[in-house]
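Student: Chains as they are written, first to last, in numbering that gives the first Met the number 0: chain A, 0 to 78; chain B, 0 to 78; chain C, 0 to 229; chain D, 0 to 737. Dropping a structure here in structure tokens format, bear with me for questions.
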Amino acid sequence: MKARVIVTLKPGILDPQGKAIENALHSLGVEGVDTVRQGKIFEIELAAADKAKAEAKLKEAAEKLLSNTVIENYRVEIL
Amino acid sequence: MKARVIVTLKPGILDPQGKAIENALHSLGVEGVDTVRQGKIFEIELAAADKAKAEAKLKEAAEKLLSNTVIENYRVEIL
Amino acid sequence: MKAAVLVFPGINRERDMARSLQLVSGKEAAMVWHTDRELPKGTDLVVIPGGFSYGDYLRCGAIAARSPVMEAVRKHADKGGLVLAVCNGFQIACEAGLLPGVLMRNARMKFMCKEVHMRVERSDTPFTRRYNAGSVIRVPVAHGEGNYVADAETLARLEGENLVAFRYASADGVVDPHFNGSMNAIAGILSEKLNVLGLMPHPENHVDPIVGPTDGRRLFESLIETLEAA
Amino acid sequence: MIPNEPKITPELVAEHGLKPDEYERFRKLIGREPSFTELGIVSAMWNEHCSYKSSKVHLRGLPTKAPWVIQGPGENAGVIDIGDGLACVFKMESHNHPSFIEPYQGAATGVGGILRDVFTMGARPIACLNALRFGDPKHPRTRSLVSGVVAGIGGYGNSFGVPTVGGSVGFHPRYDGNILVNAMAVGLAEKDKIFYAKATGVGRPVVYLGSKTGRDGIHGATMASAEFGENSDEKRPTVQVGDPFAEKLLLEASLEIMAKGCVIAIQDMGAAGLTCSAVEMGAKGDLGVTLDLDSVPTREAAMTAYEMMLSESQERMLMVLKPEKEKEAEEIFKKWGLDFAIVGKTTDTSRFIVRYHGDVMADLPIKELGDQAPEYNRPYAEPKKLPVLDPQSVPCPVSIVEALQKLIGSPDLCSKRWVWEQYDHIILNNTIQRPGGDAAVVRVEDGPKALAMTTDVTPRYCEADPFEGGKQAVAEAWRNLTAVGARPLAITDNLNFGNPERPEIMGQFVYCVRGIAEACKVLDFPVVSGNVSLYNETNGRGILPTPTIGGVGVLDDLSKSATLVFKSEGEEILLVGDTKGWLGQSSFLATVLGREEGAPPPVDLALEKKNGDFVRSLIGQGLTTAVHDLSDGGLLVALAEMAMASGIGAVLKASPAGISPHAYWFGEDQARYLITMKSADLPKAVAAASKAGVLLRHLGTTGGRQLTLPGCDPILVSSLHKLHESWLPSYMAGELAV
Ligand SMILES: Nc1ncnc2c1ncn2[C@@H]1O[C@H](COP(=O)(O)OP(=O)(O)O)[C@@H](O)[C@H]1O
Ligand SMILES: [Mg+2]
Numbered sequence: 000m001k002a003r004v005i006v007t008l009k010p011g012i013l014d015p016q017g018k019a020i021e022n023a024l025h026s027l028g029v030e031g032v033d034t035v036r037q038g039k040i041f042e043i044e045l046a047a048a049d050k051a052k053a054e055a056k057l058k059e060a061a062e063k064l065l066s067n068t069v070i071e072n073y074r075v076e077i078l
Numbered sequence: 000m001k002a003r004v005i006v007t008l009k010p011g012i013l014d015p016q017g018k019a020i021e022n023a024l025h026s027l028g029v030e031g032v033d034t035v036r037q038g039k040i041f042e043i044e045l046a047a048a049d050k051a052k053a054e055a056k057l058k059e060a061a062e063k064l065l066s067n068t069v070i071e072n073y074r075v076e077i078l
Numbered sequence: 000m001k002a003a004v005l006v007f008p009g010i011n012r013e014r015d016m017a018r019s020l021q022l023v024s025g026k027e028a029a030m031v032w033h034t035d036r037e038l039p040k041g042t043d044l045v046v047i048p049g050g051f052s053y054g055d056y057l058r059c060g061a062i063a064a065r066s067p068v069m070e071a072v073r074k075h076a077d078k079g080g081l082v083l084a085v086c087n088g089f090q091i092a093c094e095a096g097l098l099p100g101v102l103m104r105n106a107r108m109k110f111m112c113k114e115v116h117m118r119v120e121r122s123d124t125p126f127t128r129r130y131n132a133g134s135v136i137r138v139p140v141a142h143g144e145g146n147y148v149a150d151a152e153t154l155a156r157l158e159g160e161n162l163v164a165f166r167y168a169s170a171d172g173v174v175d176p177h178f179n180g181s182m183n184a185i186a187g188i189l190s191e192k193l194n195v196l197g198l199m200p201h202p203e204n205h206v207d208p209i210v211g212p213t214d215g216r217r218l219f220e221s222l223i224e225t226l227e228a229a
Numbered sequence: 000m001i002p003n004e005p006k007i008t009p010e011l012v013a014e015h016g017l018k019p020d021e022y023e024r025f026r027k028l029i030g031r032e033p034s035f036t037e038l039g040i041v042s043a044m045w046n047e048h049c050s051y052k053s054s055k056v057h058l059r060g061l062p063t064k065a066p067w068v069i070q071g072p073g074e075n076a077g078v079i080d081i082g083d084g085l086a087c088v089f090k091m092e093s094h095n096h097p098s099f100i101e102p103y104q105g106a107a108t109g110v111g112g113i114l115r116d117v118f119t120m121g122a123r124p125i126a127c128l129n130a131l132r133f134g135d136p137k138h139p140r141t142r143s144l145v146s147g148v149v150a151g152i153g154g155y156g157n158s159f160g161v162p163t164v165g166g167s168v169g170f171h172p173r174y175d176g177n178i179l180v181n182a183m184a185v186g187l188a189e190k191d192k193i194f195y196a197k198a199t200g201v202g203r204p205v206v207y208l209g210s211k212t213g214r215d216g217i218h219g220a221t222m223a224s225a226e227f228g229e230n231s232d233e234k235r236p237t238v239q240v241g242d243p244f245a246e247k248l249l250l251e252a253s254l255e256i257m258a259k260g261c262v263i264a265i266q267d268m269g270a271a272g273l274t275c276s277a278v279e280m281g282a283k284g285d286l287g288v289t290l291d292l293d294s295v296p297t298r299e300a301a302m303t304a305y306e307m308m309l310s311e312s313q314e315r316m317l318m319v320l321k322p323e324k325e326k327e328a329e330e331i332f333k334k335w336g337l338d339f340a341i342v343g344k345t346t347d348t349s350r351f352i353v354r355y356h357g358d359v360m361a362d363l364p365i366k367e368l369g370d371q372a373p374e375y376n377r378p379y380a381e382p383k384k385l386p387v388l389d390p391q392s393v394p395c396p397v398s399i400v401e402a403l404q405k406l407i408g409s410p411d412l413c414s415k416r417w418v419w420e421q422y423d424h425i426i427l428n429n430t431i432q433r434p435g436g437d438a439a440v441v442r443v444e445d446g447p448k449a450l451a452m453t454t455d456v457t458p459r460y461c462e463a464d465p466f467e468g469g470k471q472a473v474a475e476a477w478r479n480l481t482a483v484g485a486r487p488l489a490i491t492d493n494l495n496f497g498n499p500e501r502p503e504i505m506g507q508f509v510y511c512v513r514g515i516a517e518a519c520k521v522l523d524f525p526v527v528s529g530n531v532s533l534y535n536e537t538n539g540r541g542i543l544p545t546p547t548i549g550g551v552g553v554l555d556d557l558s559k560s561a562t563l564v565f566k567s568e569g570e571e572i573l574l575v576g577d578t579k580g581w582l583g584q585s586s587f588l589a590t591v592l593g594r595e596e597g598a599p600p601p602v603d604l605a606l607e608k609k610n611g612d613f614v615r616s617l618i619g620q621g622l623t624t625a626v627h628d629l630s631d632g633g634l635l636v637a638l639a640e641m642a643m644a645s646g647i648g649a650v651l652k653a654s655p656a657g658i659s660p661h662a663y664w665f666g667e668d669q670a671r672y673l674i675t676m677k678s679a680d681l682p683k684a685v686a687a688a689s690k691a692g693v694l695l696r697h698l699g700t701t702g703g704r705q706l707t708l709p710g711c712d713p714i715l716v717s718s719l720h721k722l723h724e725s726w727l728p729s730y731m732a733g734e735l736a737v
């Protein structure tokens with residue numbers, strides 16, 4: 000089964016990376032980009048009996064390791 | 000306009016972070032996860048007249064900066 | 000030797016580099032700001048120093064590689080001018096396409112600051128002529144993303160054309176493939192014309208006998224000798 | 000009245016951490032009900048973290064003066080004269096609570112904050128240190144806290160570009176719910192170019208520099224003064240994220256505008272950001288300050304005045320500029336890509352006025368806000384003295400060698416290489432002694448001058464006897480500096496304790512501070528800066544009292560410094576100082592027998608000074624080949640450390656009669672050093688010792704590849720080394736059953 004977990008910063012949490020990228024895009028002449036926030040995406044292959052089981056497993060992975068729930072939100076998508 | 004650019008490693012390029020995560024998940028007792036590959040997701044707000052223009056702009060951003068096309072693929076999604 | 004040390008926002012080893020260049024060559028290096036479009040007249044060595052340009056956000060070296068000054072560096076290199084790219088400089092050089100491949104997170108995911116050994120693979124280059132091929136030198140590393148990765152074809156070409164300059168090794172010269180995960184234990188590589196060297200370890204931090212070992216010194220002496228011979 | 004503001008209720012006041020009588024005091028001071036923004040401002044100014052209300056009366060007892068002290072406590076950092084027109088600027092600060100909640104960012108922003116304190120004064124940071132305390136290795140969170148904190152400290156310092164050259168790491172169940180992250184920064188400046196927070200001149204622009212303001216850390220300072228309860232998770236959204244890249248730019252830009260003579264006064268925005276920095280600049284200069292929040296650069300929409308005044312977004316500064324230099328300063332900041340905004344001016348009204356959207360959000364008497372902060376002489380209990388443990392009553396269930404193995408492989412005494420290899424400790428090319436020795440030695444410019452620095456405290460001692468423990472922490476820092484050959488000059492302290500509203504805790508605090516004061520006085524080692532962190536307590540259980548001492552000393556000629564590494568075979572090993580075999584509160588007792596009992600070793604400060612001065616003079620005369628001070632684990636652990644660092648072994652004489660071997664080898668009597676020297680120099684040293692009245696004892700000779708103790712099987716130094724190096728990496732890899 001293929002799935003992905005998307006981890007993004009909670010709103011209001013400073014994203015220095017996003018800010019640096021915004022500035023760089025401006026100096027490269029890419030106009031019109033207002034804000035950039037950078038997150039992580041994990042593309043995962045896993046063995047699971049069904050979708051619900053897979054989802055539960057990935058939620059566990061996200062909580063335990065893939066995200067820092069103090070400052071990040073995550074989202075599990077089964078593909 | 001809101002959009003996102005997803006950048007992932009090309010197949011065949013070794014992903015040390017993904018590997019480390021796989022191992023860590025196993026030692027945390029999260030079973031069944033075969034492979035993990037880590038990528039980046041950029042959540043972007045931009046000013047653009049229409050979808051096509053926005054797409055073109057983001058493609059430019061991805062080519063010029065957001066991805067290293069030697070090792071990475073990217074995908075633009077307008078939300 | 001007329002050296003130009005590039006300064007990007009977030010670079011932090013430019014002073015170490017300038018100081019070591021001065022110590023070995025007796026000449027002051029020019030510090031060149033990232034927005035400059037030209038190198039100082041007569042520059043014969045460009046140094047891209049270590050640090051965390053732009054915080055190493057996005058990908059290490061990515062943003063710096065797209066700075067105005069890099070266009071001038073590319074021209075300099077195309078004409079055969081010497082470029083020494085250390086640590087973040089190596090990452091910048093790869094991102095800028097001056098060297099092939101990319102540096103990824105260390106296999107053990109951690110930043111590592113320690114002394115390591117590396118084997119000098121060849122001594123017939125402007126950067127290594129004062130070393131003996133096959134000899135082992137002690138140098139410090141300080142990086143979190145020094146894991147050299149390239150596709151199979153590039154790697155085959157690097158090996159085939161003998162462009163690997165240094166490999167991580169044990170003190171007695173046995174190649175250490177596990178140090179940071181680098182393919183073929185690569186610590187440094189050369190461009191095809193042998194005029195661009197990128198390496199992760201910091202020879203500039205092993206120059207001054209008051210501070211510690213001095214195995215890095217001969218790299219700078221090699222450059223001086225090369226330029227004097229030219 | 001200001002629109003859309005919450006009504007001030009007793010609950011709201013309580014949520015701001017103000018006691019009813021404190022609120023009443025504030026209301027009287029301003030003569031009316033405060034606005035919501037004003038309540039926020041006063042809660043920030045009057046909490047424990049900013050006002051030092053519980054500690055102030057006691058801190059006054061610390062000696063802060065010496066001919067070489069340029070600036071004592073009260074500024075962003077302390078400043079000492081190190082000769083040749085140079086000054087050393089340093090301070091230590093805690094980031095305990097934030098690091099427990101989010102270890103990486105908490106530790107990172109702790110480093111960022113202390114670096115800012117140092118470069119705000121015009122000094123370029125040259126080194127960082129840190130002192131870390133974690134809970135029981137068995138505690139389920141300990142491993143991830145260690146991993147996050149260490150990565151955070153490294154992540155910030157490495158990127159900023161300052162070497163992290165030393166520190167300490169310890170474990171104890173009493174830190175299970177409250178870890179300690181104390182970060183120290185050391186900087187270098189020209190002695191006559193130090194910058195201060197005191198504003199001068201009316202009508203001068205107040206300028207905001209650095210990163211934009213967000214909603215980060217709102218109530219951070221209040222949180223740092225609150226005890227954790229079951230629901231401390233709820234406080235999470237206040238986490239601040241560090242941006243070392245922005246800080247590096249802020250450093251370069253700040254030093255550049257200082258060098259160009261643009262700056263009158265400067266203050267970094269630390270705890271309670273804009274509030275504390277603006278009030279402090281005005282109050283110190285007897286001036287009023289008016290802020291116009293419409294000009295504050297923000298990164299989030301619709302921020303309120305309250306939020307802007309309390310935000311703890313990182314990497315920001317406030318300055319008063321020379322009006323004629325405004326343009327020049329702005330250009331420098333733009334060049335570095337940083338925000339620059341005039342957000343107010345100095346006034347002659349002595350009021351602190353905050354305007355936003357045409358409303359006056361706050362109008363407060365600026366001096367009284369600081370001066371009239373509550374100050375408590377809280378009740379304290381005199382700590383109970385513990386009985387002195389008779390060494391004869393302490394058994395040794397294992398052989399001396401087995402005990403040694405246990406000690407050097409224990410969490411507290413094992414090598415901390417796993418930690419400091421994640422810190423760039425060589426950048427700037429001045430690190431003469433790297434982590435792993437007694438004190439770090441950092442060359443000053445091109446030498447030959449160097450600075451030595453260390454952080455020390457033995458919390459177990461402080462718990463058992465706060466007064467002696469406080470003395471011991473200072474003495475150990477002094478000893479570590481001495482052991483590398485440096486002249487100890489001054490300290491910074493970071494006083495970490497539990498809830499001061501409990502008399503036993505307040506008693507620990509008071510007696511530790513008295514002990515520190517006593518030691519500083521006798522050793523001529525004044526306190527020039529520091530930080531107090533109270534309420535390190537979870538569900539009524541406090542941490543061990545932990546007054547971390549950061550010591551700085553100077554070496555006039557770094558070629559005359561000492562290291563602890565055995566240099567060659569066949570050298571004489573000598574012990575300086577007297578050994579009675581003090582086992583109370585020793586590492587041996589705790590680690591080998593699992594007992595934390597008895598009175599800790601007393602510190603005879605006069606003896607400490609005599610022995611230290613003797614060792615320093617031997618180093619200066621070039622008579623020693625290696626030097627190491629004795630601390631946790633006593634004589635044999637120190638010896639083993641010297642052997643392990645060199646790979647060279649030693650043959651040792653038997654322990655003297657009248658003292659049991661384990662008390663002799665592992666006792667923690669103070670004021671002791673191990674030295675080695677060439678046989679030929681022995682007579683000179685013996686003569687010098689007898690002249691100085693110092694006890695010198697010949698222990699044996701260096702040589703071979705093993706440690707040989709009479710009556711024990713010799714043990715290979717390499718096998719000790721392996722034990723010493725393996726605990727932490729194995730623990731962190733999860734390979735260890737703890
Ligand atoms: N957190 C840390 N960061 C950097 N260095 C550390 C840290 N913890 C320990 N060290 C280094 O390890 C060595 C041993 O530490 P410690 O046992 O506390 O020394 P001492 O007993 O001499 O005070 C010292 O050089 C110290 O600087
Ligand atoms: Mg010591």
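Don't be surprised by glycine CBs; every beta carbon is placed ideally from N, CA and C. Here the structure is a predicted model, which is why all the values come from computation and not from measurement.
Should the stretch 691 to 708 of chain D be regarded as contacting the stretch 588 to 595 of chain D, the criterion being three or more beta carbon pairs within less than 8 Å?
Tutor: No contact exists between the stretch 691 to 708 of chain D and the stretch 588 to 595 of chain D.
Student: Keeping to the same chain, check which residues put their C-beta closer than 7 Å to that of M643/D; ignore five residues upstream and five downstream.
Tutor: These residues qualify, in order along the chain: V716, L719, H720 and H723.
Student: The alpha helix (DSSP H) spanning T225/C covers which residue range?
Tutor: Run containing T225/C: R216 to A228, per the alpha helix (DSSP H) assignment.
Student: Against chain A, does I91/C count as a neighbour if the rule is that its beta carbon must be under 8 Å from one of theirs?
Tutor: No, no contact with chain A.
Student: Just to confirm the assignment, what range does the alpha helix (DSSP H) spanning M16/C have?
Tutor: Run containing M16/C: E13 to S24, per the alpha helix (DSSP H) assignment.
Student: In terms of residue numbering, what span does the beta strand (DSSP E) encompassing Q266/D cover?
Tutor: It spans V262 to D267 - the beta strand (DSSP E) in which Q266/D sits, taken as one unbroken run.
Student: Run through chain D and tell me which residues come within less than 8 Å of A170/C, C-beta to C-beta.
Tutor: Near A170/C there are no residues of chain D at all, since even the closest Cβ is about 13 Å away, more than 8 Å.
Student: In chain order, what residues of the same chain have a beta carbon less than 6 Å from the beta carbon of S774/D, not counting five sequence neighbours either side?
Tutor: With chain D running from 0 to 737 in the structure shown, residue 774/D is simply not present.
Student: Note down, in chain order, each residue of its chain lying with its Cβ closer than 7 Å to the Cβ of K58/A, except the 5 sequence neighbours on either side.
Tutor: If we look at K58/A and ignore the five residues flanking it on each side, its Cβ neighbours are V75.
Student: In chain order, what residues of the same chain lie with their CB nearer than 8 Å to the CB of R203/D, ignoring the 5 residues before and after it?
Tutor: So the list reads I263, V319, L320, K321, P322, K344 and T345, once near-sequence residues are dropped.
Student: Determine whether the Cβ of E329/D lies closer than 8 Å to any Cβ atom of chain A.
Tutor: False, the Cβ-Cβ gap to chain A never drops below 8 Å.
Student: Can you name the residues of chain D whose CB is closer than 8 Å to the CB of R56/C?
Tutor: For clarity, residue 56/C is Tyr in the given sequence; the question names Arg instead. Ordered by position in chain D, the residues that pass the 8 Å Cβ test against Y56/C are F244.
Student: If you run the structure through DSSP and keep just helix, strand and coil, what is R513/D?
Tutor: Helix at R513/D.
Student: Specify the secondary structure class of N538/D as computed by DSSP and reduced to three states.
Tutor: Coil.
Student: Name the DSSP beta bridge partners of G166/D, please?
Tutor: BP columns for G166/D point to N129/D.
Student: Tell me which same chain residues have a C-beta within less than 8 Å of the C-beta of H201/C, skipping the five on either side of it?
Tutor: R12, D15, G49, V85, C86, V138, P139, V140, A141 and G215.
Student: Indicate whether the contact test is met: 3 or more Cβ pairs, each with one atom in the stretch 414 to 430 of chain D and one in the stretch 508 to 520 of chain D, closer than 8 Å.
Tutor: Result no; under three Cβ-Cβ pairs closer than 8 Å.
Student: If you scan the stretch 324 to 378 of chain D from start to end, which runs of the alpha helix (DSSP H) of 4 or more residues do you find wholly inside it?
Tutor: If we require 4 residues or more, the alpha helix (DSSP H) runs fully inside the stretch 324 to 378 of chain D come out as 325 to 334 and 365 to 370.
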